[in-house]
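Engineer: Anchor point for the sequence shown: position 44 equals 96 in the working numbering, and the numbering is continuous, going up by one each time.
Pasting a structure here, questions to come.
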Amino acid sequence: MHIDIITVVPELLESPLSHSIMKRAQDRGLLTVQTHNLRQWALNKYGQVDDYQFGGGAGMVMMCEPLASAIEHLQKEKTYDEVIYLTPDGERFNQSIANQFSLMENLLVICGHYKGIDERIRQYFVTKEISIGDYVLSGGELAASVVVDAIGRLLPGVLNNETSALTDSFQDNLLAPPVYTRPAEFRGWKVPEILLSGNPNLIENWRFEQSLERTKTRRPDLLAD
Ligand code: ADE
């Protein structure tokens with residue numbers, strides 16, 4: 053899978069995408085991520101990509117011209133399955149959307165800044181608007197890192213144990229069950245006996261019940277879905 057990201061602060065994306073699982077995905081050739089500094093397509097030598105909003109009001113708006121030039125430049129090279137704009141008023145990102153994105157070949161991601169991007173770019177270029185939660189970040193870059201990470205770890209061959217993404221929280225709309233590791237007893241606090249039983253059926257049932265219980269108490273909305 054290939055992901056292009058248009059941003060005014062490419063540095064913000066560097067670290068989250070170059071370590072741990074995201075590094076492995078790229079080292080294995082399963083994921084390529086390329087950032088593109090929007091200022092390459094700036095209006096003038098001052099690197100202008102934003103301007104005051106029509107109608108007045110605080111905050112700058114990212115202009116049409118640089119964004120349209122960047123998007124059209126990239127679209128000449130690739131056909132994108134989705135052009136994603138990260139914005140707090142987008143559709144709330146969740147595991148199901150991550151799963152859908154992970155099946156795609158090429159994604160183009162646009163990170164907004166300031167008051168956001170000119171509405172016409174959203175109308176004429178963007179195909180999906182995504183929010184990572186009901187709070188406002190300074191820009192779309194951290195949100196883009198979240199989305200790319202959630203997608204990247206789902207690509208076949210990225211996680212060593214293929215089943216581990218399948219047992220994550222939210223797959224099947226259930227939260228993950230509690231997990232334990234050695235020692236079996238720490239300060240007198242014991243690991244549930246059943247996990248030491250060696251009986252895979254009993255363990256699987258226990259985990260399912262724990263998942264269900266955890267979901268009922270913490271996220272009943274997931275069960276209503
Ligand atoms: N940009 C600013 N806030 C955001 C959010 N919550 N989700 C996605 N992009 C954003």
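Don't be surprised by glycine CBs; every beta carbon is placed ideally from N, CA and C.
Report the option in 252, 138 and 225 whose CA atom is closest to the CA atom of residue 263.
Structural biologist: It is 225.
Engineer: Three-state secondary structure (DSSP) at residue 133?
Structural biologist: Coil, per DSSP.
Engineer: Three or more beta-carbon pairs under 8 Å between the region 191-201 and the region 151-162, yes or no?
Structural biologist: Yes, the region 191-201 touches the region 151-162.
Engineer: Looking at the strands, I want to know which residues DSSP matches up with residue 187.
Structural biologist: In DSSP, residue 187 forms no bridge with anything.
Engineer: Collect the residues with a C-beta less than 6 Å away from any heavy atom of the ligand ADE and give them in sequence order along the chain.
Structural biologist: Taken from the N-terminal end onward, the list reads 138, 139, 140, 164, 183, 184, 185, 187, 188, 189, 192 and 195.
Engineer: Out of 83, 125 and 187, which one is the CA nearest neighbour of residue 138?
Structural biologist: Taking only the C-alpha atoms, the option nearest residue 138 is 187.
Engineer: Under the DSSP definition of a beta bridge, which residues are partnered with residue 237?
Structural biologist: DSSP output for residue 237 lists 242 as bridge partner(s).
Engineer: Starting from the Cα of residue 54, find the closest Cα among 155, 60 and 92 and give me that residue.
Structural biologist: The shortest C-alpha separation from residue 54 is found at 155.
Engineer: Have a look at residue 100 and residue 91 and give me their C-alpha separation to the nearest angstrom.
Structural biologist: Roughly 7 Å between the two C-alpha positions.
Engineer: From the DSSP output, in three-state form, read off residue 179 for me.
Structural biologist: Coil, per DSSP.
Engineer: Just curious, the beta strand (DSSP E) that residue 101 is in, first and last residue?
Structural biologist: Unbroken run through residue 101: none, as it is neither H nor E.
Engineer: Leaving aside the five residues before and after residue 153 along the sequence, list all residues of the same chain whose C-beta is less than 6 Å from its C-beta, in chain order.
Structural biologist: Here the set comprises 203.
Engineer: Check residue 59 in the structure and name its three-state DSSP category.
Structural biologist: In this structure, residue 59 counts as strand in the three-state DSSP scheme.
Engineer: Indicate the three-state DSSP secondary structure (helix, strand or coil) for residue 74 in the structure shown.
Structural biologist: Helix.
Engineer: Could you give the C-beta distance for residue 122 and residue 184, rounded to a whole number, given that I count them as a contact under 8 Å?
Structural biologist: Incorrect: roughly 22 Å between the Cβ atoms, too far for contact.
Engineer: According to DSSP, residue 219 sits in a beta bridge with which residue or residues?
Structural biologist: DSSP lists no partner for residue 219.
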